[in-house]
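K.L.:
Questions regarding the structure given below will be posed in turn.
Protein chains in written order, with this note's numbering: chain A, 151 to 263; chain B, -7 to 106.
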């Protein structure tokens, strides 16, 4: 079965620190990859997506993610976090084989001013 | 341009009861997916509706059923509620196009079963 693993459940960083959140998936075929963010009290919003082409994708608010096919990974990065980045981040994978989106369990990011 | 809307916002039900949740997709979207998000977990796919038919289904029992109307809005019905059905239920809409799997999420309905 298709699965998504997010290794960090809770991350605490100081402002201006660099961020990297891990995401690994299990499906070996063609996949579409997403990172969603959920700010406190708000609904899920798309941060960035990878469908094909350049494996380094840039999203909103300075976030980027790199698709490494050989490692089945799609890690999220940001060079310098801000207090407003405090939120929960979800990695999600769509595979044509399963025709559905599978989410990871999420990573709660807390940025300390 | 309204995004995805869901009603009600919160709901409290008793074990054994039935519940109906509603979703209106983003303008221009024709596909609705439903997810269950338990506390501390990521959203779990329940099913997807397109052209008023259930197209895909996740690993949920038949107690979970749905419907899509001609205006693309959708309902999620859960029968014989269990305590474990307490969760945030999310609706996501998209436009059915080959290769388009970008979904827009609503704010969710918080269901509490007592």
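From the three backbone atoms N, C-alpha and C, an ideal C-beta is built for every residue, glycine too.
All values derive from a computational prediction rather than experimental measurement.
Is the CB of residue 61(B) under 8 Å away from at least one CB in chain A?
P.N.:
Locating residue 61(B) in the second chain gives position 69, counting from the first residue. Residue 61(B) does not count as touching chain A.
K.L.:
Using a beta-carbon distance below 8 Å, is residue 3(B) in contact with chain A?
P.N.:
In the second chain, counting from the first residue as 1, residue 3(B) sits at position 11. Closer than 8 Å: no.
K.L.:
Should residue 189(A) go down as buried or exposed, given a rule of 16 or more other Cβ atoms within 10 Å for buried?
P.N.:
Working through the first chain from its first residue, we reach residue 189(A) at position 39. Exposed is the call here.
K.L.:
Using a Cβ-Cβ distance cut-off of 8 Å, determine whether residue 209(A) contacts chain B.
P.N.:
Counting from 1 along the first chain, the entry for residue 209(A) is found at position 59. False, the Cβ-Cβ gap to chain B never drops below 8 Å.
K.L.:
Is the beta carbon of residue 146(B) sitting closer than 8 Å to the one on residue 5(B)?
P.N.:
Given a span of -7 to 106 for chain B in the structure shown, any question on residue 146(B) remains unanswerable.
K.L.:
Could you tell me which chain B residues have their CB closer than 7 Å to the CB of residue 174(A), listed as they occur along the chain?
P.N.:
What you label residue 174(A) is simply residue 24 of the first chain in a count that begins at 1. Residues of chain B passing the Cβ test: none, with the nearest at roughly 14 Å.
K.L.:
Rounded to whole angstroms, what is the Cα-Cα separation between residue 59(B) and residue 26(B)?
P.N.:
The count along the second chain starts at 1 and reaches residue 59(B) at position 67. The count along the second chain starts at 1 and reaches residue 26(B) at position 34. Cα-Cα distance, rounded: 11 Å.
K.L.:
Between 1(B), 0(B), 15(B), which lies nearest to residue -6(B) when the distance is taken from Cα to Cα?
P.N.:
Counted from its first residue, the second chain places residue -6(B) at position 2. The option with the nearest alpha carbon to residue -6(B) is 15(B).
K.L.:
Judging by CA-CA distance, which residue of 180(A), 214(A), 164(A) is the nearest neighbour of residue 199(A)?
P.N.:
The count along the first chain starts at 1 and reaches residue 199(A) at position 49. When only C-alpha atoms are compared, the closest one is 214(A).
K.L.:
Can at least three beta-carbon pairs, one atom from the region 249 to 260 of chain A and one from the region 200 to 207 of chain A, be found at a separation below 8 Å?
P.N.:
They do not touch, by the three-pair rule.
K.L.:
Could you tell me whether any Cβ in chain B is nearer than 8 Å to the Cβ of residue 203(A)?
P.N.:
As a first step, residue 203(A) must be located in the first chain, where it is residue number 53. Taking Cβ atoms only, chain B never reaches closer than 8 Å to residue 203(A), which makes this a no.
K.L.:
Under 7 Å Cβ to Cβ from residue 181(A), same chain only, skipping five residues before and after it: list those, please.
P.N.:
As a working mapping, residue 181(A) is identified with position 31 in the first chain. Same-chain partners within the cutoff: 175, 243, 244, 245.
K.L.:
For the candidate residues 38(B), 102(B), 13(B), 84(B), whose alpha-carbon lies nearest to that of residue 21(B)?
P.N.:
Reading the second chain from its first residue, position 29 is the one you call residue 21(B). Nearest option by C-alpha distance: 84(B).
K.L.:
Going by DSSP, which residues form a beta bridge with residue 85(B)?
P.N.:
Residue mapping note: residue 85(B) aligns to position 93 of the second chain, counting from 1. DSSP lists 24(B), 96(B) as partners of residue 85(B).
K.L.:
Under the three-state reduction of DSSP, which class applies to residue 245(A): helix, strand or coil?
P.N.:
Counted from its first residue, the first chain places residue 245(A) at position 95. Note: residue 245(A) maps to strand in three-state DSSP.
K.L.:
Give the single residue among 102(B), 65(B), 66(B) whose Cα lies nearest to the Cα of residue 77(B).
P.N.:
One-based indexing of the second chain puts residue 77(B) at position 85. Minimum Cα distance to residue 77(B) is reached at 102(B).
K.L.:
Please determine, among 49(B), 42(B), 7(B), the residue with the shortest C-alpha to C-alpha distance to residue 71(B).
P.N.:
Along the second chain, read from residue 1 onward, the residue named residue 71(B) stands at position 79. Ranking 49(B), 42(B), 7(B) by Cα distance to residue 71(B) puts 7(B) first.
K.L.:
Counting contacts by CB-CB distance shorter than 8 Å, is residue 82(B) in contact with chain A?
P.N.:
For the purposes of this step, residue 82(B) is identified with residue 90 of the second chain, where counting begins at 1. Yes, its Cβ sits closer than 8 Å to a Cβ of chain A.
K.L.:
Can you confirm whether residue 226(A), when its beta carbon is compared against all beta carbons of chain B, has any partner nearer than 8 Å?
P.N.:
For this step, residue 226(A) is matched to residue 76 along the first chain. For residue 226(A), the answer is no, since every Cβ of chain B falls outside 8 Å of its Cβ.
K.L.:
Answer yes or no: does any C-beta atom of chain B fall closer than 8 Å to that of residue 182(A)?
P.N.:
Sequence index remark: in the first chain, residue 182(A) carries index 32 (1-based). Residue 182(A) counts as touching chain B.
K.L.:
Counting only beta-carbon separations shorter than 8 Å, does residue 219(A) have a partner in chain B?
P.N.:
Your numbering for residue 219(A) matches position 69 in the first chain. Residue 219(A) does not count as touching chain B.
K.L.:
Which residues of chain B have a Cβ atom closer than 8 Å to the Cβ of residue 105(A), listed in chain order?
P.N.:
No information on residue 105(A) is available, as it lies outside the stretch 151 to 263 that chain A covers here.
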